[in-house]
Amino acid sequence: MSNLQRFFLILLSLTLLFGKNPSFTISGTVQDSSGLALQKAIVFLFDDKGTELQNKKTNKKGNFKFKKIKPGSYILNVKHEIYSKTSKAVTVNNQDIWEILSFTNTDNSSQILSAPSIASLPNTLTYLPEIRKEPEPEKLKIDESFYDYKMNLEAMQIQIDSLKSVVTAFENYKTMPEIKAEILDLIQVPQYGHRIELQNGTVITGKIVSESDISLTLETQIGQLVLKKEMVLRMEAFAKPVPQLEFLGEPMIQLYPNKQIFSGQIKNIGNRRADFVRVIGHLWTRTTSSAGADSIFVKGTKIKYDTGVISDTALEPNQIANYTLSVPLIPGAKSQYHTLDIHWKETR
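Just add 270 to wherever you are in the sequence shown, counting from 1, and you've got the numbering used here.
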């Protein structure tokens, strides 16, 4: 045997050894007993052990097709919504298979679904429940009373007595009306400007409207009074009690390249409390332009106001508080002098 023959023999053996397994197709059509193609029929492919391998739905022409089927025995089962099941055994050897699967009419199936006739309906019918009518509301007659007052006079008397006791307790609780501060602010009160003490010891406060050599006219809360000057023992300006705050001495100043820190004390020399006391510092350039500004609230007395706000920045009369205020310099500005101010409010 020549070398060339040996080479072809080895090549043929390798081709048979490592070649692909052959596969075929099973296709066909599904039709009824009259030969009419059926669409939307489902075709199932089972192996000889009863295991489902594939399933296909027939197209408009009733055709189906299974691909890559190896040689062997198989069963085709067909289902349709109108017809009963049908099946057929097929064997794949070394070629593709084309099968025609037909349905046969039986007593339990029909080609066309028809509506049942009236005679075939069951005799036992299930009726719908009756529609219930809502009862009409009772109407009161013209001469009829809706409330039986004769039977309930005693109960009404008990309720009235109980209500009287509640009203009495409420009136005792509300002996003094509550007047808000906003209403009091609307009352026009004359601005007192003078305090006049007469020879008999009477002190009158009011505003002098006019004055002559022998008399003077004073505007008071009860109206205008004309007083003879010979009755006046002493007359002085009347000062309304107000808070008044001032700095105690000059502040201590610490200079930094980017800020100035001021430290010192303030005192309330007035005769009323000052609320929300704040020290405001300004830095000024040579041309009176602002070189920086800031402010700080002082540490004072803790007060709860009518609005519910709680603050510790109030100063009572003669109270002293310390402050330390840091005022940053505006970049590029040069401070030549400074000013310090005190701001406060009067709050209830």
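Glycine included, C-beta positions come from ideal geometry on N, C-alpha and C.
Exclusion of the five residues before and after Arg548 leaves Ser565, Phe567, His613 as the residues of its chain whose Cβ lies within less than 6 angstroms of its Cβ.
With a cut-off of 8 angstroms on Cβ pairs, the region 588-607 is not in contact with the region 504-512, counting fewer than three such pairs. Annotation for Asp582: Lys569, Gly570, Thr571, Lys572, Ile573 place their beta carbon closer than 8 angstroms to its own, counting only its chain and skipping 5 residues before and after. Collapsing the DSSP output to three states places Leu423 in a helix. Under the three-state reduction of DSSP, Lys529 is assigned to strand. Between Leu515 and the set Pro521, Ala544, Ile492, the nearest pair of CA atoms involves Ala544. Across the set Phe532, Gln427, Gly578, Asn528, the C-alpha of Asn528 shows the shortest separation from the C-alpha of Ile600.
Around Gln309, the same chain offers Thr328, Asn329, Lys330, Gly332 as residues with beta carbons nearer than 7 angstroms, after the five sequence neighbours per side are excluded.
Of the residues Val479, Val362, Val313, the one whose Cα lies closest to the Cα of His350 is Val313.
At the C-beta level, Ile296 and Ile339 come within 9 angstroms of one another. Spanning the alpha carbons of Gly493 and Val479 requires a straight line of approximately 11 angstroms. Contact between Ala311 and Val348 holds: CB atoms are separated by about 6 angstroms, below the 8 angstroms threshold. With a beta-carbon spacing of about 7 angstroms, Asn538 and Asn588 fall inside the 8 angstroms limit used to define contacts. Judged by their CB atoms, Phe532 and Leu610 are nearer to each other than the 9 angstroms cut-off. Inclusion of Lys477 and Glu489 in the CB contact set at 9 angstroms is warranted, their separation being smaller than that value.
Rounded to whole angstroms, the Cβ separation of Pro521 and Glu616 is 25 angstroms, and the two are not in contact under 8 angstroms. Of all alpha-carbon atoms in Leu553, Ile484, Gln530, Met501, the one lying nearest the alpha-carbon of Thr472 is that of Met501.
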